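Numbered per numbering that gives the first Met the number 0, the sequence shown spans residues 0 to 300.
C-beta: ideal position from N, C-alpha, C; glycine also.
Quick caveat: nothing in here was measured; it's all calculated off a predicted structure.
Read through the structure below, which is laid out as structure tokens, and then see the notes.
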Amino acid sequence: MRLLLTGASGFLGSAVGKRLAESGHELRVLGRRVPPWLPAGSGFHRWDAMTGAAPVEALDGVDAVLHLAGEPVAQRWTKTVKRRIQRSRVEGTRALVEAISRLEARPKMMVAASAIGYYGDRGDEDLTEESGAGAGFLAEVCAAWEQETLKAAELGLRVSRVRFGVVLGRKGGALAKMLPAFRAGLGGPIGKGRQWMSWIHVADAVGMLKFILETPGVGGAWNATAPMAVRNAEFSRALGRAVRRPAVVPVPRFALRMMFGEMATMLTGGQRVRPAAALEAGYRFKFPELEAALKDLLITR
Numbered sequence: 000m001r002l003l004l005t006g007a008s009g010f011l012g013s014a015v016g017k018r019l020a021e022s023g024h025e026l027r028v029l030g031r032r033v034p035p036w037l038p039a040g041s042g043f044h045r046w047d048a049m050t051g052a053a054p055v056e057a058l059d060g061v062d063a064v065l066h067l068a069g070e071p072v073a074q075r076w077t078k079t080v081k082r083r084i085q086r087s088r089v090e091g092t093r094a095l096v097e098a099i100s101r102l103e104a105r106p107k108m109m110v111a112a113s114a115i116g117y118y119g120d121r122g123d124e125d126l127t128e129e130s131g132a133g134a135g136f137l138a139e140v141c142a143a144w145e146q147e148t149l150k151a152a153e154l155g156l157r158v159s160r161v162r163f164g165v166v167l168g169r170k171g172g173a174l175a176k177m178l179p180a181f182r183a184g185l186g187g188p189i190g191k192g193r194q195w196m197s198w199i200h201v202a203d204a205v206g207m208l209k210f211i212l213e214t215p216g217v218g219g220a221w222n223a224t225a226p227m228a229v230r231n232a233e234f235s236r237a238l239g240r241a242v243r244r245p246a247v248v249p250v251p252r253f254a255l256r257m258m259f260g261e262m263a264t265m266l267t268g269g270q271r272v273r274p275a276a277a278l279e280a281g282y283r284f285k286f287p288e289l290e291a292a293l294k295d296l297l298i299t300r
């Protein structure tokens with residue numbers, strides 16, 4: 000399959016790009032810089048999702064588009080950063096779909112990232128792909144982002160919106176940011192740790208994207224989370240066990256608010272998400288349980 004990939008220099012984009020290339024797919028990358036992992040002979044087209052139209056020639060002849068580009072959200076949300084988060088996702092996706100609309104022969108499929116932030120902070124509510132959008136900045140961005148993605152369906156493409164939870168991996172993402180404190184024995188729950196964490200091992204995040212791309216007929220919204228969400232306190236205890244350090248030092252909510260401003264709501268709130276679409280379609284998780292996932296990432300390698 001000939002695939003166009005955006006977000007190829009990011010943590011998840013790098014992981015899935017390598018896996019797809021190893022599986023024999025022909026890749027083209029659309030982005031600001033050539034990722035170091037890109038195989039020789041692969042196509043590269045320069046594009047900044049926040050500055051203009053996507054080059055139509057990058058899309059010519061591709062079978063599917065895997066769209067993962069977006070400004071990182073794990074930073075203090077200044078007005079400028081919030082605008083970049085919104086523009087890179089909503090306006091970037093709009094530009095990509097507009098480029099697709101100008102093609103005579105269009106891709107058959109578009110698989111685009113979203114996030115479980117779509118649901119907002121929902122307490123103990125059991126959330127599936129059928130649950131509606133929540134409230135708050137991230138929920139509003141995700142809803143608008145997905146609306147732009149759905150415009151590709153109006154052009155005849157089979158569209159999947161993949162709502163990622165907390166992706167766990169050694170080389171990036173949330174886990175890499177947590178490890179220094181936990182390895183120093185300074186890790187612990189956020190506040191009382193009652194908020195839910197819906198997580199996924201990077202191998203399953205990659206595996207799910209590959210499954211969607213390679214399985215005929217699948218589409219719609221997908222929750223990219225493991226089947227067993229955990230509370231933040233349970234996650235902290237499990238991570239402490241994995242690195243063989245106590246994890247009892249709570250992080251006060253007010254301290255997070257001082258450090259991160261509005262973004263702290265992403266850490267102090269949560270979602271209890273189930274991957275109903277993946278389970279129904281027959282995707283088999285490599286790491287459905289947290290202990291095994293952390294052992295694989297931190298102990299057995």
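Neighbourhood of ARG182 by C-beta, 8 Å cutoff - its chain only, sequence neighbours within 5 removed = VAL242, ARG244
Taking all protein chains shown into account, do 16 or more other C-beta atoms lie within 10 angstroms of the C-beta of GLU125, making it buried, or fewer, making it exposed?
-> Correcting the residue type first, residue 125 is Asp in the shown sequence and not Glu. With fewer than 16 other Cβ atoms within 10 Å, it is exposed.
Which parts of the region 235 to 275 are runs of the alpha helix (DSSP H), unbroken and 4 residues or longer, counting only runs that do not cross its ends?
-> 252 to 259, 263 to 267
Cα-Cα, which of TRP76, ALA57, ARG18 is closest to PHE259?
-> TRP76
Using CA coordinates, which residue listed in THR127, GLU128, ALA138, MET109 is at the minimum distance from ASP320?
-> Absent from the structure is residue 320, since the part of the chain shown begins at 0 and ends at 300.
4 or more residues per run - each alpha helix (DSSP H) lying fully within the region 114 to 167 = 136 to 149
Just curious, the alpha helix (DSSP H) that VAL206 is in, first and last residue?
-> In the sequence as displayed, the identity of residue 206 is Gly instead of Val. Taken as a continuous stretch (DSSP letters only), the alpha helix (DSSP H) holding GLY206 covers 201 to 213.
Starting from ALA14, trace the alpha helix (DSSP H) both ways and give me its first and last residue.
-> 10 to 21
Less than 9 Å separating the beta-carbons of TRP198 and ASP123?
-> no
If we ignore side chains and look at the alpha-carbon of each, how far apart do LEU149 and HIS44 end up?
-> 24 Å
Within its chain, find whatever has a CB closer than 8 Å to the CB of LYS17; leave out the 5 residues flanking it on each side and keep chain order.
-> TRP36
Distance, LEU185 Cα to ARG162 Cα = 31 Å
Within 8 Å: the Cβ of ASP295 and any heavy atom of the ligand FAD?
-> Of ligands this structure carries none, so the ligand FAD is not represented either.
Start and end of the beta strand (DSSP E) containing VAL28?
-> 25 to 30
Could you spell out the range, first to last residue, of the beta strand (DSSP E) harbouring ARG1?
-> 1 to 5
On the DSSP bridge assignment, give the partners of ARG45 in chain order.
-> GLY30
For VAL64, is the classification buried or exposed, using 16 other Cβ atoms within 10 angstroms of its Cβ as the cut-off for buried?
-> buried
Using only alpha-carbon positions, find the residue among ARG252, THR5, VAL80, TYR118 that is nearest to THR267.
-> ARG252
Could you tell me which residues DSSP pairs with MET177 in its beta bridges?
-> Paired residues: none, contrary to the question.
ASP47 versus THR92: straight-line alpha-carbon distance, rounded = 11 Å
When the distance is taken between beta carbons, is GLY172 closer than 9 Å to ASN231?
-> no
Where LYS81 and ALA73 are concerned, what is the direct C-alpha to C-alpha distance, given to the nearest angstrom?
-> 11 Å
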